[in-house]
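As structure tokens, the structure follows; a few thoughts come after it.
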Amino acid sequence: MALEVDITKKLDGFFMHMQFRAEQEIFAILGASGCGKSMTLKCIAGIEKPDEGRIVLDGKVLFDSEKKINLPPQKRKVGYMFQDYALFPHMNVVQNIEAGMGKRPDRSRTESLIRQFQLEGLEKKIPGQLSGGQKQRVAMARMLAAEPELILLDEPFSALDTYLKWQLEQEMYKHLKEAGKPVIFVSHNRDEVYRLCDTVSCMNRGKMEVMEPLKEFFQNPKTRTAAILSGCKNISAAERVDAHTLRAVDWGVTLHVKEREIADDIRAVGIRAHFLATVERPGEENVFPVNESEIWEDPFEWNISFRKNAECSWLQWKIAKTDWSPEMGIPKELYLKEEDILLLTDS
Amino acid sequence: MQEILDFLQSLDWSPLVISIKTGIVATILSFFFGIFAARAVMKLRPGARAVIDGFLTLPMILPPTVAGFFLLLIFSLRRPFGAALYENFGIKAVQTWLGCILAATIIAFPLMYRNTRAAFEQVDTNLIYAARTLGMSEWKIFWKVVIPSAGPGVLSGTVLAFARALGEYGATSMLAGNIPGKTGTVSQKIAMVIQDGDYKTAGFWSVVVLLVGFLTMTAMNLLGNRRKKNQKQW
């Protein structure tokens, strides 16, 4: 079970070029809005047509511009879950689920889906009478009723309140594992991706930059975009001095990495806001002077913006309220462990 | 009282029957042609769309007598198309009930077409995309997803088309004429009796038309309201 995609399409202001291979797993495409990630899903589903390229699912050619193959969405067996779920507003839950089951829907299958997605008692309700979570479950049931070979999820949680989102994520995870089909999950939310997926890629202006196992992606982002999308708050342009030294231009700081070699194509450096520390160790390298600072309060942590001087950019330091409070005084310097320096390429 | 009964008994009811029959047939024809045209026009490129839309809307903008004049030019037995139609298929529109239907349909069609198109353009495209990925055929998507979503617009188009077809006068009088019991519709009857100074008959038929129109609209509004229970007021 594998999906191979290699397509290009001209979008508003840039070219989308997507090339990847997804196996039987939950694969996430993380990207800012408007980077072309939904468009990629639409091309795979056959809703939009790429300008050129090839899409193959399990050896079945869905699209091939050279051979002039472009299967209609009906023949692709690709399930698509829309951001707003796109439930048919005039059909009740049962009719929605059975919409994709052909002329003679199998009642027992409908009933088992209704049980599986805990929709008992809601059979005769129309989408307008359902909560966001219920709508999502109906959309899942409807999609699986059509027996797709591949599942595409387009920002499935963005229409929901954050309060119960984690529960819905867990449910979704369970259902996806049960379905046992390859899943492509598109999102701009790194927390969702972290909780749901096995493999992550990130997209920037129509291009896929990296594709890695989940943990690697978050622990060790390789590109500027990947660092931003994985939640890195501080990124500066970098100039390589030698194999173990570089200058973070925006911050006016020189950084040293003894354990690693700085490659020639490193253009930026990233620091996670949580990884800065107050602990003083004499003679320490990788020190950030805190000459100007501002404090912002979050419910459970303090955010301190600081910089070296007016010519430099602000950095952000986050620390839990249990570990530090403003009464302790803002430190004159902050330290960073060498291994926490993220060395980034441009793309 | 006796006078009223005598009047009703002596009355020729054929105009009402002809009008309603014409109205229903013209509405059914406008319904299907209107939906078909709405869909077809939506698929056109913008330039072609503007031209075709203008042409299809003409009957609504033209004075009905002008539309009737053109219809007469086309279907007259003394002209090539009308003559050919009669000789080859025995179809005759001038001075026949077919003429009534033709005139009423042409005049009512733009109302159906325009309302339907406006409604189609409002349909959430994601619904259609979702339906496609679920494997629903285009035919099924159209009748089960698009038409119900566009329901209110299609319904109002149908009602307006029916009302317009029911009251059609100008084009009908030009093409079908006013042959009592054959092409004599209520509107034509009113015009005719007014010329004879028969205000009683004219008044009676006017009230009938008024009632039929009012009842149809009210019934349709009530029917439409059931869907819009949650509509907000402003």
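Protein chains in written order, with full-length UniProt numbering: chain A, 1 to 347; chain B, 1 to 234.
No residue lacks a Cβ here, since even glycine has one placed at the ideal position from N, Cα and C.
Counting contacts by CB-CB distance shorter than 8 Å, is residue i in contact with chain B?
i             : result
residue 127/A : no
residue 84/A  : yes
residue 90/A  : yes
residue 109/A : no
residue 142/A : yes
residue 146/A : yes
residue 173/A : no
residue 355/A : Summary: the structure shown does not reach residue 355/A, with chain A confined to residues 1 through 347, and so no result is reported for it.
residue 105/A : no
residue 100/A : yes
residue 80/A  : yes
residue 45/A  : yes
Quick one, which of the options has its alpha-carbon nearest residue i's?
i             : options                    : result
residue 30/A  : 166/A, 174/A, 131/A, 229/A : 229/A
residue 249/A : 297/A, 315/A, 156/A, 5/A   : 315/A
residue 15/B  : 222/B, 185/B, 147/B        : 185/B
residue 253/A : 236/A, 265/A, 243/A, 266/A : 236/A
residue 22/B  : 50/B, 233/B, 2/B, 96/B     : 96/B
residue 2/A   : 336/A, 25/A, 130/A, 173/A  : 25/A
residue 68/B  : 233/B, 100/B, 52/B         : 100/B
residue 214/A : 172/A, 46/A, 27/A, 166/A   : 27/A
residue 168/A : 312/A, 218/A, 192/A, 18/A  : 192/A
residue 205/A : 4/A, 12/A, 5/A             : 12/A
residue 173/B : 213/B, 31/B, 212/B, 98/B   : 98/B
residue 152/B : 119/B, 131/B, 135/B, 142/B : 119/B
residue 212/A : 20/A, 187/A, 15/A          : 20/A
residue 251/A : 277/A, 291/A, 244/A        : 291/A
residue 113/B : 207/B, 91/B, 126/B, 29/B   : 29/B
residue 97/A  : 72/A, 124/A, 324/A, 71/A   : 124/A
From residue i to residue j, what distance separates their C-alpha atoms?
i             : j             : result
residue 89/A  : residue 259/A : 59 Å
residue 361/A : residue 261/A : In the structure displayed, chain A extends from 1 to 347; residue 361/A sits before or after that span and is not available.
residue 46/B  : residue 210/B : 41 Å
residue 74/A  : residue 176/B : 48 Å
residue 300/A : residue 189/A : 20 Å
residue 108/A : residue 122/B : 36 Å
residue 167/B : residue 43/B  : 33 Å
residue 345/A : residue 298/A : 32 Å
residue 103/A : residue 209/A : 44 Å
residue 257/A : residue 142/A : 53 Å
residue 112/A : residue 195/A : 27 Å
residue 246/A : residue 295/A : 29 Å
residue 136/A : residue 85/A  : 6 Å
residue 181/B : residue 105/B : 20 Å
residue 144/A : residue 38/B  : 34 Å
residue 216/A : residue 226/A : 11 Å
residue 161/B : residue 219/B : 15 Å
residue 319/A : residue 146/A : 48 Å
residue 41/A  : residue 154/A : 8 Å
residue 9/A   : residue 110/B : 39 Å
Within 8 Å of any Cβ in chain A, is that where the Cβ of residue i sits?
i             : result
residue 150/B : no
residue 10/B  : no
residue 134/B : yes
residue 123/B : no
residue 94/B  : no
residue 146/B : no
residue 126/B : yes
residue 84/B  : no
residue 131/B : yes
residue 14/B  : no
residue 187/B : no
residue 137/B : yes
Between residue i and residue j, which are expected to be in contact by the criterion C-beta below 8 Å, what is the C-beta distance as a whole number of angstroms?
i             : j             : result
residue 78/A  : residue 116/B : 31 Å between Cβ atoms; not a contact.
residue 117/A : residue 140/A : 6 Å
residue 23/A  : residue 182/A : 7 Å
residue 191/B : residue 169/B : 7 Å
residue 33/A  : residue 83/A  : No, residue 33/A and residue 83/A are not in contact; Cβ-Cβ is about 11 Å, not under 8 Å.
residue 271/A : residue 309/A : With a Cβ gap of about 18 Å, residue 271/A and residue 309/A do not count as contacting.
residue 133/A : residue 160/A : 7 Å
residue 53/B  : residue 66/B  : In fact, because the Cβ distance is near 19 Å, the residues do not count as touching under 8 Å.
residue 238/A : residue 200/A : Residue 238/A to residue 200/A, Cβ: 24 Å. No contact.
residue 108/B : residue 164/B : 4 Å
Would the beta-carbon of residue i be found less than 7 Å away from any heavy atom of the ligand PLP?
i             : result
residue 250/A : Absence of the ligand PLP from the depicted structure is noted, as is the absence of any ligand whatsoever, leaving it without description.
Minimum length 4: unbroken alpha helix (DSSP H) runs contained in the stretch 65–133 of chain B: 80–89, 97–122, 125–133
- prompt: Where are the beta strand (DSSP E) runs, 3 residues long or more, that stay fully inside the stretch 243–290 of chain A, in chain order?
  reply: 245–248, 253–256, 268–271, 287–289
task: Pick out the complete alpha helix (DSSP H) segments inside the stretch 15–46 of chain A, 4 residues or longer, and give them in chain order.
output: 37–45
- request: Jot down the residue ranges of each uninterrupted beta strand (DSSP E) in the stretch 291–322 of chain A, minimum 3 residues, whole runs only, in chain order.
  value: List check, beta strand (DSSP E) in window: 292–297, 301–307, 315–320.
message: List, from N- to C-terminal side, the beta strand (DSSP E) runs of 3 residues or more that fit wholly inside the stretch 140–171 of chain A.
response: 150–154
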